[in-house]
Amino acid sequence: MLAAPLHRELGGWGAGFDASVTHELLMLLKQIGHGNLAVGRIYEGHVNALQAIA
Numbered sequence: 001m002l003a004a005p006l007h008r009e010l011g012g013w014g015a016g017f018d019a020s021v022t023h024e025l026l027m028l029l030k031q032i033g034h035g036n037l038a039v040g041r042i043y044e045g046h047v048n049a050l051q052a053i054a
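Position 52, counted from 1, in the sequence shown is what the numbering used here calls 52; the numbers after and before it change by one each time, with no gaps.
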């Protein structure tokens, strides 16, 4: 799951970079947040950090 926001050439989905998978990232964040909002926010922070440095 942590690889999802990485560029495809780095082994990720390209979520957040590739418009065709942005919806999948949104659904993943929504599902995690539905289970536990705190965990969802932590995961969202990790996604944001990976997008900032990738």
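Using N, Cα and C, we set each Cβ at its ideal position, and we do this for glycine too. Just so we're clear, the structure is a prediction, and the values are computed from it rather than from any experiment.
Residue environment: L25 is assigned as buried (16 or more neighbouring CB atoms within 10 Å of its CB, all protein chains considered). According to the DSSP assignment, N36 belongs to no alpha helix (DSSP H), since it is labelled neither H nor E. When the five nearest sequence neighbours on each side are left out, the beta carbons in the same chain lying within less than 7 Å of the beta carbon of H7 are those of G14, F17 and A54, in order along the chain.
For L28, the closest of A38, E9, Y43 and S20 by C-alpha to C-alpha distance is Y43. Counting the other Cβ atoms within 10 Å of the Cβ of V47 gives 16 or more, which makes it buried.
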